[in-house]
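First to last, the sequence lines map onto chains A and B.
If you count the first sequence from 1, position 174 lands on 174 in the working numbering, and the numbers rise without skipping.
If you count the second sequence from 1, position 76 lands on 1076 in the working numbering, and the numbers rise without skipping.
Where is the CB? At the ideal position from N, CA and C, for every residue including glycine.
Structure record follows, encoded as structure tokens.
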Amino acid sequence: MSTPLLSVRDLSVAFRTRSGAVQALRHVSFDLAPGEMLGIVGESGSGKSVTAFALLGLLDRAGRVTGGQALFGGQDLLRLGQGALNELRGAAMSIVFQNPRTALNPIRPVGVQIADVIARHDAGSPARLRARVLDSLRQMRIAEPERRAGAYPHELSGGMCQRIGIAMALACSPRLLIADEPTTGLDVTTQAAVMDVFRDAVRQGGVGSIFITHDLALASEYCDRILVMQSGEVVEDAPVAEIFSRARHPYTRRLLRSTPSSVDSIDALSPDEEPLPPAPPPSAIRVAPVLEVRGLCKGYAFARPRGVSNFWKPRDTAVLQAVDGVDMVIHPGEAVGLVGESGCGKSTLSRMINRLIAADAGEVLLQGEPIHRISPGRFAGMPARRQIQMVFQDPTESLNPRFSVFEAIADPVGQLLPHEGKAALRARVERAATQVGLPLALLPRYPHQLSGGQKARVGIARAMAVEPRLLVLDEPTSALDVSVQAVVLRLLTRLRREQGVAQLFVSHDLNVVRLLCDRIMVMYKGRVVETGTAEQVFNRPAHDYTRGLLAAIPRLRDHRPSEAE
Amino acid sequence: MRERLLLLRYVLAENPVNLVALLLLAVLLGCATIGPSLVPYDPIATETAVALQPPSAQHWFGTDQLGRDVFSRVVVAARLDLAIAFAAVLLSMAVGAVAGAAMGYFRGPLDTIGSRTTDVLMAFPLFVLAMGMVAALGNSVSSVVYATAVINLPFYVRLARAEVSIRRSLGYIEAARVGGSGHARILRVFLLPNILPALVVQASVNLGWAVLNTAGLSFIGLGVRAPAPEWGIMVAEGAQFIVSGRWWIAACPGLALMLAVFCFNLLGDGLRDVVDPRTRT
């Protein structure tokens, strides 16, 4: 075996915090061969980003390398001064950051930003510089590179910005490239496109790369070798094929089983948990639907500010149709998945159903009663409000930081069931907490004292406390780690099987929806393009868009060999 | 509680300047509360026999042209100056927070009218506006309070509006609406308590300006009337004696004024650290 490009030994990093020093990395060791693509996988707080930042000398003031070495081209990166690192960074080693929008300078054209990087390390004539910029844009498969080079970051889409970020990182042909969650926040189809470009560029240049991600499936599709990290330690280091067949560490096995794409049904997802109650048999009698939506529409006017030059013109009346005539029926006890990419109108639709915003046209019938004529402000005070509740996307920001867990769950009860006494309220809150598996000892705590999974449970308990008939879940697990996501998904299934509450599950993740829902609706540009059972949509997609979506989902490589044939 | 104490210790250890600010504040508040009963001389009793004496063991800060003890007057003046500043800042914070929060939450015409009004208010030279208001309302302590409150109002309105604009689309506000809370309850229970820390930081910095503003108004003869011990008046009275070398009459109250403003500014920085460690520079 040739000498490794990068050899990290016993890297330890500590952070100074309000509650004393915290050891972020403990004796992390790994090697990276030239041209190899190494995936570092771990959940939040596992130290995967800290590893990258420590190697590049980008740790912030509170962080300190406490031991170890990182040999790169005969030099120990951890002992170099910032001046020497500046010579290496950009030229010999480089990084692609997580959020492409914040990583680019908003007031400089992207072509100039790439040229800046090249000029810093390898100045040449302006014509040569421009040619190199265009070359690197072409390598990123950006159409019309001459025109795009003059664009500002805000004129480009998120995926396009990330390609520029990769182009910048590769501009000086580095030998080492670190990508820190480069596709988080991108749509699944965009993610696939960006990852393909990334892999091809890295392979072509023979660059050794470290790909940091929380998504095991994504890493398995693109990487040669995977490093699994847990609370600052490397727990597994093996080639991709081996990880899935012979995972040594229990944490790796748990991570694998928590990944939705690794299992066929919700019962198989992290089976160490308490078993789920059996699914109730489909009821023979057709009961009246909980929710009926007919031809719901919502448009947003393009906000074009009036300037000096156009103030006399008639106001621009162009409207973006966010939701364009959607029909939907949800029966009691049913779980319906609403899938689509960002901007397809799924959030707008879920907010209209919840009467948080008013619809332009169409009908919403909650248990046969029309509610679309009631203004959103007045609906808050009506008894029907209790029937339909919502769980929000980010568990952290959906909790009032000044409310304890008890107050958070009790608040809607106090508003929607004002006639219940103190004792009944307490009993109700405790019952809701028990239902979602939240220990009663946590009730007096405040959100910042809870973990992400506990916060998600509080959000669900808050919605369930008033015993709704329909629960709208707006990407409730997208901000959670996979192992926590698995627990929350099982919890939602349990609630549905035990309580019979209907669920509308809004998500961009087809894999999650497949496990949770009986029926799937695929939304594209404000319209529902496909409806069917989960099995139908997955195996026999009817619409082109659904097929594209399915093709782009990262799947665990070598996991089910029978399917690959 | 324990957690709070730990946080306090962390903040004080991280930045010892905060400790200085807290000590200064304690001294200022001590002067304002128990100062009048501790001082060695009556702050308004004149004794022409000992007029214009330089600082000595009897008169630590010397005496003024009427033989009044400057030290006693400086200490006693803290009560009036701080009382005016606190009252004015509290008043503008209360009004500004509610108005700004409502503007940020409801948007629409209310926001437009409110924002333009604060713009107009801020376009005036603030001190001249305060002078005009005191002149119009009558020369009294209460009109100084109102004038100071009005010129500080735009800062609170803008801050509260900005903070509420950030939070109005957060999950917990939507959750409150799904949970059956009306607009008024969302503002009162969910938004105002959450923007309070930012407002308190602003208030702490503003206290310094308010003290300066009060002193400035009385320096030019508006608001507080002459025999009452007040830092601005004392500086004004002492100014004419500086040329003849009797610096202590103006310098001592001036120094007190400077320390007070300095203390509130430091305190604002320290509070910002406690409220949001990320904005620390």
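C-alpha gap between residue i and residue j, whole angstroms
{"i": "B/I1195", "j": "A/A127", "result": "53 Å"}
{"i": "A/L224", "j": "A/D215", "result": "Reading off the sequence shown, one finds Asp at residue 224 of chain A, where the question assumed Leu. One C-alpha to the other measures close to 15 Å."}
{"i": "A/Q387", "j": "A/V287", "result": "17 Å"}
{"i": "A/L77", "j": "A/E233", "result": "20 Å"}
{"i": "A/R457", "j": "A/E36", "result": "41 Å"}
{"i": "B/A1088", "j": "B/A1210", "result": "7 Å"}
{"i": "A/A238", "j": "A/F97", "result": "25 Å"}
{"i": "A/H27", "j": "A/T252", "result": "19 Å"}
{"i": "A/D60", "j": "A/F15", "result": "9 Å"}
{"i": "A/V513", "j": "B/M1103", "result": "40 Å"}
{"i": "A/L170", "j": "A/I114", "result": "9 Å"}
{"i": "B/L1350", "j": "A/Q415", "result": "Chain B is shown only over 1001 to 1281; residue 1350 of chain B falls outside these bounds and no answer can be derived."}
{"i": "B/G1067", "j": "B/A1049", "result": "7 Å"}
{"i": "A/A408", "j": "A/H121", "result": "55 Å"}
{"i": "A/P439", "j": "A/A433", "result": "7 Å"}
{"i": "A/P476", "j": "A/F505", "result": "8 Å"}
{"i": "A/C172", "j": "A/A92", "result": "8 Å"}
{"i": "A/Q367", "j": "A/A301", "result": "32 Å"}
Neighbour-count burial assignment, residue i, 16 or more Cβ in a 10 Å radius
{"i": "A/K422", "result": "exposed"}
{"i": "A/E146", "result": "exposed"}
{"i": "B/P1287", "result": "Examination of residue 1287 of chain B is not possible in this model, given that chain B is present from 1001 through 1281 alone."}
{"i": "A/Q393", "result": "buried"}
{"i": "A/N539", "result": "exposed"}
{"i": "A/S261", "result": "buried"}
{"i": "A/S49", "result": "buried"}
{"i": "B/L1259", "result": "exposed"}
{"i": "A/R89", "result": "buried"}
{"i": "A/T3", "result": "exposed"}
Three-state class that DSSP yields for residue i in the structure shown
{"i": "B/M1093", "result": "helix"}
{"i": "A/Q230", "result": "strand"}
{"i": "A/S136", "result": "helix"}
{"i": "A/P370", "result": "strand"}
{"i": "A/H448", "result": "helix"}
{"i": "A/Q503", "result": "strand"}
{"i": "B/T1118", "result": "helix"}
{"i": "B/G1180", "result": "coil"}
{"i": "A/A123", "result": "coil"}
{"i": "B/Q1240", "result": "helix"}
{"i": "A/K298", "result": "strand"}
{"i": "A/E87", "result": "helix"}
{"i": "A/Q389", "result": "strand"}
{"i": "A/G39", "result": "strand"}
{"i": "A/G185", "result": "coil"}
{"i": "A/P278", "result": "coil"}
When the options are compared against residue i, the one with the closest alpha-carbon
{"i": "B/V1188", "options": "B/A1097, B/G1238 and B/T1048", "result": "Note that residue 1188 of chain B is Arg in the sequence shown here, rather than Val. The shortest Cα separation from B/R1188 among B/A1097, B/G1238 and B/T1048 belongs to B/A1097."}
{"i": "B/G1245", "options": "B/V1275, B/D1064 and B/P1043", "result": "B/D1064"}
{"i": "B/L1038", "options": "B/R1004, B/S1181, B/V1076 and B/M1093", "result": "B/V1076"}
{"i": "A/L55", "options": "A/Q82, A/G35, A/I371 and A/P34", "result": "A/Q82"}
{"i": "A/L291", "options": "A/L269, A/V326 and A/P275", "result": "A/V326"}
{"i": "B/I1249", "options": "B/E1003, B/D1069, B/A1032 and B/N1018", "result": "B/D1069"}
{"i": "A/E87", "options": "A/N105, A/A70 and A/V117", "result": "A/V117"}
{"i": "A/A461", "options": "A/Q485, A/E430, A/P444 and A/L489", "result": "A/E430"}
{"i": "A/T213", "options": "A/A52, A/R519 and A/S261", "result": "A/A52"}
{"i": "A/D509", "options": "A/Q485, A/V529 and A/P376", "result": "A/Q485"}
{"i": "A/V319", "options": "A/H331, A/G299 and A/G337", "result": "A/G299"}
{"i": "A/R163", "options": "A/A151, A/M140 and A/S173", "result": "A/M140"}
{"i": "B/L1028", "options": "B/M1131, B/L1110, B/R1079 and B/S1072", "result": "B/R1079"}
{"i": "B/G1208", "options": "B/F1071, B/P1229, B/L1266 and B/L1217", "result": "B/L1266"}
{"i": "A/D324", "options": "A/T348, A/P332 and A/V339", "result": "A/T348"}
{"i": "B/I1166", "options": "B/Y1105, B/V1017, B/I1034 and B/V1235", "result": "B/Y1105"}
Residue i: CB within 7 Å of a non-hydrogen atom of the ligand ZN
{"i": "B/S1142", "result": "No copy of the ligand ZN appears in this structure; indeed no ligand is present at all."}
Return the residues of the stretch 386-406 of chain A that lie within a Cβ-Cβ distance of less than 7 Å from chain B, sorted by chain order. Q389, M390, F392, Q393, D394, E397, S398, L399, N400, P401 and R402
Short-range partners of chain B found in the stretch 354-372 of chain A, where Cβ spacing is below 8 Å: N354 and L356
Counting only Cβ-Cβ distances shorter than 8 Å, please list the residues of the stretch 1166-1185 of chain B near chain A, keeping chain order. L1170, G1171, Y1172, E1174, A1175, A1176, R1177, V1178, G1179, G1180, S1181, G1182, H1183 and R1185
Check each residue of the stretch 1193-1222 of chain B: if its Cβ is closer than 8 Å to any Cβ of chain A, include it; give the result in chain order. P1193 and N1194
Using a Cβ-Cβ cut-off of less than 9 Å, give me the residues of the stretch 1099-1110 of chain B that come near chain A, in sequence order. none
Going along the stretch 406-426 of chain A in order, which residues come within less than 7 Å of chain B, judged by CB to CB distance? D411, P412, Q415 and L416
Check each residue of the stretch 179-190 of chain A: if its Cβ is closer than 7 Å to any Cβ of chain B, include it; give the result in chain order. none
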